[in-house]
Structure formats: C-alpha cells, structure tokens
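So the sequence shown is numbered by my numbering: it starts at 1 and just counts up by one. Glycine included, each C-beta is placed from N, C-alpha and C at the ideal position.
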Amino acid sequence: PQQFQRRVLIYGVLGAIIMRAIMILAGAWVVSEFSWVLYVFGAFLLLAGMRMLAMADQEPDVANNPVLRFAKRHLRVADDEHGERFVVVKNGVRFVTPLFLVLILIEATDLVFAVDSIPAIFAITTDPFIVFTSNLFAILGLRALYFLLVDVADRFHLLKYGLAMVLTFIGAKMLIMPWYYVPVQASLTVVAVLIAASCGASLFVTRKDK
C-alpha cells in the first residue's frame with residue numbers, strides 16, 4: 001500500500017547503506033591485495049550487461065522470486081496486513097508481516113544492484129572513501145527522487161537497455177585496461193550519452209504511440 005512505502009523505503013535505505021559499506025570495504029581490501037580481481041569484476045560486468053540486454057523484455061515474476069519463497073518457507077508469515085508493523089505476536093507466537101517480506105525483497109534487489117554497481121565504480125577509482133560516499137549520495141538521492149520517479153518510470157521503459165549497455169561498456173573497459181586506458185572523462189561521457197539516449201528514445205517512442 002502506498003501509505004507504507006515511506007516507512008519501507010527508510011528501512012531499505014538504512015539496510016542498503018550498511019550492506020554496501022561492508023561490500024565496499026571487503027572489495028577495496030580484495031582489490032588492494034589482488035589487483036587481478038579487477039579483471040574478474042570486468043568479466044562479471046560484461047556478462048551481466050549482456051544478460052540484462054538478453055532478458056530486458058522479460059517481466060519479473062515476483063511470486064516465484066527465490067528470496068521470497070525462501071523467506072516464506074523459513075519464517076512464520078501473518079496472513080493479513082498489520083499496518084506499518086514488521087513483526088506481530090499472536091497467541092505468544094511471533095510472526096512477520098507481509099510488509100516485512102516487501103522489505104526483504106527490497107534489500108535483496110539492492111544487493112543484486114550493488115553487485116553490479118560497486119565493481120563498476122572500482123573501474124573508476126579504488127579509493128574506498130570515494131566509492132562509499134558516491135554510493136551513499138546515490139542511495140539518498142534515489143530516496144528523495146523515488147516518489148517522483150515512480151510516477152514516470154513507465155515513460156522511460158527503454159532505460160534498462162541503456163543501463164545494460166553501460167554495464168557492458170564498463171566491463172569491456174576493465175578487461176582492456178592492460179592494453180588501452182580509457183580516460184575517466186571519456187568513460188563518463190559514454191555513460192551519460194547511453195543513459196540520455198535511452199531516456200530520449202523512451203520519450204520519443206511514448207509520444208509516438210500516443
């Protein structure tokens with residue numbers, strides 16, 4: 001329900017910040033100890049981008065989400081809604097509410113995005129402070145823009161193709177580093193052009209359909 005979105009979003013943001021801080025610190029340590037890991041990150045991003053392009057037309061099946069099925073299998077879930085509460089007690093037995101399952105799904109989704117986005121930032125800088133603060137500002141910015149974006153998300157239906165191409169480009173850039181260095185300014189320009197082009201194409205197609 002819309003009236004509970006703000007509460008779930010706040011807890012989701014807090015969980016995302018903690019989770020990304022742990023992943024960034026671990027990633028920075030691994031990169032500092034084993035520099036070749038950057039090429040593993042590059043290959044992963046390249047494959048993730050190509051997979052995202054191939055599956056862009058498929059709608060997500062939330063009901064059969066493995067995280068959701070695991071939670072339902074191992075947690076006592078209340079049958080009805082209980083307002084903004086995540087946990088309720090019935091007859092001395094503790095149950096999680098459907099709203100808690102939504103929170104779990106949000107955190108799992110953010111984990112998937114973090115696995116893509118954090119290696120992408122390591123392609124630009126390996127400074128953990130810069131990586132963390134950029135993630136922090138991005139998360140807080142998305143929280144502020146959420147209620148605006150949720151109303152216009154359908155208009156940018158081609159953005160997923162742009163993001164997939166961004167991942168593919170960054171992955172390829174990381175893999176060719178030993179032979180050719182792509183300047184940061186050039187990388188940012190390519191990323192901006194891909195995202196802007198996908199947004200522009202989305203608006204053009206939407207307007208044409210009308």
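Between which two residues does the alpha helix (DSSP H) harbouring Val228 extend? Because residue 228 is not part of the residues shown, which for the chain are 1 to 210, the question remains open.
Measure from the alpha carbon of Ala78 to the alpha carbon of each residue in Ala196, Ser202, Leu68 and Val89, then state which is nearest. Locating residue 78 in the sequence shown gives position 78, counting from the first residue. Comparing Cα-Cα distances from Ala78 to each of Ala196, Ser202, Leu68 and Val89, the minimum goes to Val89.
How is the alpha helix (DSSP H) around Val67 delimited, first residue to last? The residue labelled residue 67 in the question sits at position 67 within the sequence shown. Its alpha helix (DSSP H) spans residues Pro66 to His74.
Please list, in chain order, all residues of the same chain as Leu194 whose beta carbon is under 6 Å from its beta carbon, the five residues on each side excluded. Walking along the sequence shown from the start, residue 194 turns up at place 194. Here the set comprises Gly162, Met165 and Val166.
Environment of Phe122 [buried if 16+ CB atoms lie within 10 Å]: Along the sequence shown, one-based indexing puts residue 122 at 122. The residue is buried, with at least 16 neighbouring Cβ atoms inside 10 Å.
Using CA atoms only, rank isn't needed, just tell me which of Trp36, Ile124, Val8 and Ala192 is closest to Leu99. As a first step, residue 99 is located in the sequence shown; it is residue number 99 there, counting from the start. Of Trp36, Ile124, Val8 and Ala192, the residue nearest in Cα terms is Val8.
Tell whether a beta-carbon distance below 8 Å holds between Ala118 and Arg51. Walking along the sequence shown from the start, residue 118 turns up at place 118. Walking along the sequence shown from the start, residue 51 turns up at place 51. Here the sequence assigns Ile to residue 118, which means Ala is not the residue at that position. No, Cβ-Cβ distance for Ile118 and Arg51 is not below 8 Å.
Could you check whether the Cβ of Arg20 sits closer than 8 Å to any Cβ belonging to chain B? Absent from the structure: chain B. Only one protein chain is present.
Arg155 (DSSP reduced to helix, strand or coil): The residue you call residue 155 lines up with position 155 of the sequence shown. Residue state, collapsed to three classes: helix.
How about Leu142 and Ile17: are their beta carbons less than 8 Å apart? Along the sequence shown, read from residue 1 onward, the residue named residue 142 stands at position 142. Along the sequence shown, read from residue 1 onward, the residue named residue 17 stands at position 17. Taking 8 Å as the Cβ cut-off, Leu142 and Ile17 do not qualify as a contacting pair.
Is the beta carbon of Leu38 closer than 8 Å to that of Ala170? Taking the sequence shown and counting its residues from 1, the one referred to as residue 170 is at position 170. Taking the sequence shown and counting its residues from 1, the one referred to as residue 38 is at position 38. It should be pointed out that residue 170 corresponds to Ile in this sequence rather than to Ala. Not a contact, by the Cβ cut-off of 8 Å.
Completely contained beta strand (DSSP E) runs for the segment 170-206, where each covers 3 or more residues: Correct list: empty.
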